[in-house]
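Structure, as structure tokens:
Number of protein chains: 2
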Amino acid sequence: MRTLHHHPLHPLSRVARVMLAEKGLPFDTVIEKPWERREDFLMLNPAGEPPVLVEEDGTVVAGGLPVLEYLEEAYPDVALMPREVAARAEVRRIVDWFTRTFDREVTENLVGEKLIKRLSGQGHPYAPAIRAGLANIQYHMEYIAFLSERRPWLAGSSFTVADIAAAAALSCVDYVDNVPWDKVPEAKDWYARIKSRPSFRGLLTDSIPGCPPPRHYADLDF
Amino acid sequence: MRTLHHHPLHPLSRVARVMLAEKGLPFDTVIEKPWERREDFLMLNPAGEPPVLVEEDGTVVAGGLPVLEYLEEAYPDVALMPREVAARAEVRRIVDWFTRTFDREVTENLVGEKLIKRLSGQGHPYAPAIRAGLANIQYHMEYIAFLSERRPWLAGSSFTVADIAAAAALSCVDYVDNVPWDKVPEAKDWYARIKSRPSFRGLLTDSIPGCPPPRHYADLDF
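Residue numbers (the numbering used here), protein chains in the order written: chain A, 1 to 222; chain B, 1001 to 1222.
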């Protein structure tokens, strides 16, 4: 069976899970705690980061963006990127925004401080980082709203990995209950449409032992 | 004319320049200082980061990885990735390593502290960051040596964007004279082969006013 090594609260691991589900590809999962630097996992990805996809024939695809591009190239029947090269560039621009900029400005400050530090025994949350994350997320929510007002989906007329990357990033922050949904209704409407997709259901049933998500997390009428 | 908005000491901007040259695509350049957040540049890339490629027909491709994937898709005649999907995943794994991990562990600590801080008027270098960068680069040099001993090029049998991304990252650190070339001869041999490619010449003649590179920087027999 195809196996995905992932961490439930790692945004690019979530992108891989949603893409596999959208494309109808069955997979087993192995949870990796990257801070443990497990030796067998380092053999699969020397960078020590999830996700890593191991295909049934033994092909190893290591790292979030490599997995994303691989799934799109290897299984093009359910397309999650448009065909036209300029439109693909716009998808990748938004993926880049949410997997890099949002990660640095929001996820690390909120999920990193409040949850990953605790899980990995790295000490207490740093309050100024949390304050920065809470300030920064507002700006990103407004960017989602800005795009949603102009286009049916974030990168254009169709649902793409840009939507998946943005929703995966937001869902991690929603797990620690730090998304100001009611302040940005356009972003909430867009997220509600993604939440109702069957591919997203696996993410919404995640629960880290000792750190459950808030009640609205899995609720489609949040 | 096709235009590349770039910063000379930004690794992914260098990747774009080398790819354009390898593919034989003529281009004009505009230097962007991302810390100035120039309004016309933010219209091209709201994330405010170089590189941004503007094609003659007005198509805008914003961000380092989007530009990389776009150039490969739009101009496949000179291929800088293999065709087979698993081999492409290996190229992207190494690109990811050098554009993200190396950047965070080495480039930000050395080029960021010693040069970008000065250029952008952000104060003095932070000595512990420089010490960390100098320690970290050794590990990355050894990884280049490890790959070079097993393969003709970093990702396999052919020259790819994996080599370009690694060499672009190293070349920025070489500009501030912090690459321990003589300690890792395999990595030096690999870099010497890249340095002699015509596509790399533009990078080797870069000189930031007031911050010239060390003498060996442009030397093919360094």
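Beta carbons: idealized from backbone N, C-alpha and C, even for Gly. All figures in this text were calculated on a predicted structure; none of them were measured in a lab.
query = Looking at the unbroken alpha helix (DSSP H) that takes in leucine 1204 (chain B), where does it start and where does it end?
reply = 1201-1204
key: Cutoff 8 Å: valine 61 (chain A) Cβ touching any chain B Cβ   = yes
query = Among B:Phe1027, B:Asp1221, B:His1124 and B:Leu1204, which has the Cα closest to the Cα of glutamate 1056 (chain B)?
reply = B:Phe1027
task = Just tell me which of B:Glu1073, B:Pro1082, B:Leu1119 and B:Val1106 has its CA closest to the CA of proline 1034 (chain B).
result = B:Leu1119
inquiry  = Under DSSP, the alpha helix (DSSP H) around isoleucine 1144 (chain B) begins and ends at which residues?
reply    = 1127-1150
task = With 7 Å as the limit, tell me which residues of the stretch 73-105 of chain A have their beta carbon closer than that to any beta carbon of chain B; keep them in chain order.
result = Glu73, Ala74, Val85, Ala86, Arg88, Ala89, Arg92, Arg93, Asp96, Trp97 and Thr101
request  = Return helix, strand or coil for valine 85 (chain A), following the three-state DSSP convention.
outcome  = helix
inquiry  = Please tell me whether glutamate 39 (chain A) has its Cβ less than 8 Å away from any Cβ of chain B.
reply    = no
inquiry  = In whole angstroms, give me the CA-to-CA distance for alanine 21 (chain A) and proline 76 (chain A).
reply    = 14 Å
query = Based on Cα-Cα distance, which residue from B:Arg1038, B:Ala1162, B:Ile1116 and B:Ile1094 lies nearest to glycine 1210 (chain B)?
reply = B:Ile1116
Rounded Cβ spacing between proline 1011 (chain B) and threonine 1099 (chain B) (contact assumed at less than 8 Å) = 6 Å
message = Buried or exposed, going by whether 16 or more other CB atoms sit within 10 Å of the CB of alanine 1192 (chain B)?
response = exposed
ask   = What residues in its chain sit with their C-beta under 8 Å from that of glycine 123 (chain A), if we drop five residues either side in the sequence?
value = Lys117
Helix, strand or coil at valine 78 (chain A) [DSSP, three-state] = coil
ask   = How should phenylalanine 1041 (chain B) be labelled, buried or exposed, when 16 other C-beta atoms within 10 angstroms of its C-beta is the threshold for buried?
value = buried
inquiry  = At the level of alpha carbons, what is the spacing between proline 152 (chain A) and valine 179 (chain A)?
reply    = 22 Å
ask   = Can you tell me whether serine 1171 (chain B) is buried or exposed, with buried defined as 16 or more other CB within 10 angstroms of its CB?
value = buried
task = Assign alanine 187 (chain A) to one of two classes, buried (16 or more other C-beta atoms within 10 Å of its C-beta) or exposed (fewer than that).
result = buried
inquiry  = Could you check whether the stretch 1052-1066 of chain B touches the stretch 72-89 of chain A, counting it as contact only if at least three pairs of C-beta atoms, one from each stretch, sit closer than 8 Å?
reply    = yes
message = Comparing C-alpha positions only, which one of A:Glu90, A:Gly202, A:Val78 and A:Tyr126 sits nearest to alanine 155 (chain A)?
response = A:Glu90
query = What residues match up with alanine 62 (chain A) in a beta bridge as DSSP calls it?
reply = A:Val52
task = Quick one: measure Cβ to Cβ for valine 184 (chain A) and glutamate 142 (chain A), integer angstroms, because I've assumed they're closer than 8 Å.
result = 6 Å
message = Checking 8 Å against the spacing of the C-beta atoms, do methionine 1019 (chain B) and leucine 1065 (chain B) come in under that value?
response = no
Cutoff 8 Å: glutamate 1069 (chain B) Cβ touching any chain A Cβ = yes
Continuous beta strand (DSSP E) stretch holding aspartate 1028 (chain B): start and end = 1028-1031
message = Looking at the secondary structure, which residues open and close the beta strand (DSSP E) in which leucine 4 (chain A) lies?
response = 3-6
inquiry  = What does the Cβ neighbour count give for isoleucine 1164 (chain B), buried or exposed, with the cut at 16 atoms within 10 Å?
reply    = buried
task = State yes or no: is the beta carbon of proline 66 (chain A) nearer than 8 Å to at least one beta carbon in chain B?
result = yes
inquiry  = Against chain A, which members of the stretch 1150-1171 of chain B pass a CB distance test of less than 9 Å?
reply    = none
message = Please return the same chain residues whose Cβ sits closer than 6 Å to the Cβ of glutamate 1105 (chain B), not counting the five positions on each side in sequence.
response = Asn1136
request  = Closer than 6 Å by C-beta to arginine 2 (chain A): which residues in its own chain qualify, once you throw out the five before and the five after it? Chain order, please.
outcome  = Phe27, Glu55 and Glu56
request  = Please compile the residues from chain B whose C-beta is within a distance smaller than 9 Å of the C-beta of alanine 47 (chain A).
outcome  = Arg1093, Asp1096, Trp1097, Arg1100 and Thr1101
message = Closest to leucine 1053 (chain B) by C-alpha separation, out of B:Ala1079, B:Ser1013, B:Met1081 and B:Leu1080, would be which residue?
response = B:Ser1013
ask   = Are there 16 or more other CB atoms within 10 angstroms of the CB of tyrosine 126 (chain A), so buried, or fewer, so exposed?
value = exposed
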